[in-house]
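Q: Please see the structure below; I have some questions.
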Amino acid sequence: EDESMVHALSRPDIRPLGLDTTDPPQAGAAIERFATFLQSPQAPGPHIKPNSLTLKSVILIPSLHYQTSPIATIPPSSFADLFNTHLLQPILTIQAFLPLLASRLQPIGEKWIPPKVLVFTPSIISSINPP
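With this note's numbering applied, the sequence shown covers 124 to 254.
The following block contains the structure:
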C-alpha cells in the first residue's frame, strides 16, 4: 500500500525502500542500493537541475495500533507482536542504517553534520490494565 502511494507520486527522486530486517543480507543490499541512490545526483522532476543528497536523519514511526485490554486477557502471541513491532523492529532498522549513518556520505564541500535517529513510540503502559 505504501509502495503504491510512493509510485503514485511519479517523482523520479522519491522511491520506496523495502527493508526486511528479518533477512540481514537483504537488508544490507537494500541499504547499499539506498547509498548508491544518495551518491548519484537526483532531479525532482524533468528539466530541473539534479541535486546531491545527504542523509540527515532516520525517522522511525512504529505501528500506533496495539491491543488495549486487561493484561490477564492479552494472549502471549499479542505480547510477542507488540514487542516485535514496537521494540525489536525499530532496533533492527536502526542497526541496518548505522553503517550508512556513520559513513559520512555527503556532497563535496558540504560540512558534515552528524545525522540523527528519531524513534517515535506510543505509550502503551496506560493501556495494559490489571485484571
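By construction, the Cβ of each residue, glycine as well, lies at the ideal position given by its N, Cα and C atoms.
This structure is a prediction, so every number in the text was calculated from the model and none was measured.
If contacts are defined as beta-carbon pairs under 8 Å, then residue 244 and residue 185 qualify, I think. What distance do you get, rounded to the angstrom?
A: Within the sequence shown, numbered from 1, the residue matching residue 244 stands at position 121. Within the sequence shown, numbered from 1, the residue matching residue 185 stands at position 62. Rounded, the Cβ-Cβ distance is 6 Å, consistent with contact.
Q: Take residue 213 and list the residues in its own chain whose beta-carbon comes closer than 8 Å to its own, dropping the five residues that flank it on each side.
A: Sequence index remark: in the sequence shown, residue 213 carries index 90 (1-based). So the qualifying residues of the chain are 183, 185, 242, 244.
Q: Could you check the C-alpha separation between residue 254 and residue 211 for me, to the nearest Å?
A: Position 131 of the sequence shown, counted from the first residue, corresponds to residue 254. Position 88 of the sequence shown, counted from the first residue, corresponds to residue 211. Legend: pLDDT at residue 254 = 48, less than 50; position of this residue unreliable, no value from coordinates given.
Q: Any idea what DSSP makes of residue 193, helix, strand or coil?
A: Reading the sequence shown from its first residue, position 70 is the one you call residue 193. Correct three-state label for residue 193: strand.
Q: Is the Cβ-Cβ distance between residue 222 and residue 178 less than 9 Å?
A: The residue labelled residue 222 in the question sits at position 99 within the sequence shown. The residue labelled residue 178 in the question sits at position 55 within the sequence shown. Taking the C-beta atoms as reference points, residue 178 is found no nearer than 9 Å to residue 222.
Q: Would you mind sorting residue 160 into buried or exposed? The rule is 16 or more other CB atoms within 10 Å of its CB.
A: As a first step, residue 160 must be located in the sequence shown, where it is residue number 37. Under this definition residue 160 is an exposed residue.
Q: Using only CA atoms, which one of 126, 228, 198, 147 lies nearest to residue 137?
A: If you number the sequence shown from 1, residue 137 lands on position 14. Of 126, 228, 198, 147, the residue nearest in Cα terms is 126.
Q: Look up residue 242 in the DSSP assignment and give the residues it is bridged to.
A: By 1-based counting over the sequence shown, the position of residue 242 is 119. Answer is 183, bridged to residue 242.
Q: Considering only residues of the same chain and omitting the five flanking positions on each side of residue 226, which have a CB-CB separation below 8 Å?
A: Taking the first residue of the sequence shown as 1, we reach residue 226 at position 103. Listed in chain order, the non-local C-beta contacts of residue 226 below 8 Å within the same chain comprise 158, local neighbours out to five positions each way being set aside.
Q: Using 8 Å for Cβ pairs, my map puts residue 216 next to residue 144. What's the rounded Cβ distance?
A: Taking the first residue of the sequence shown as 1, we reach residue 216 at position 93. Taking the first residue of the sequence shown as 1, we reach residue 144 at position 21. Right, their Cβ atoms sit about 6 Å apart.
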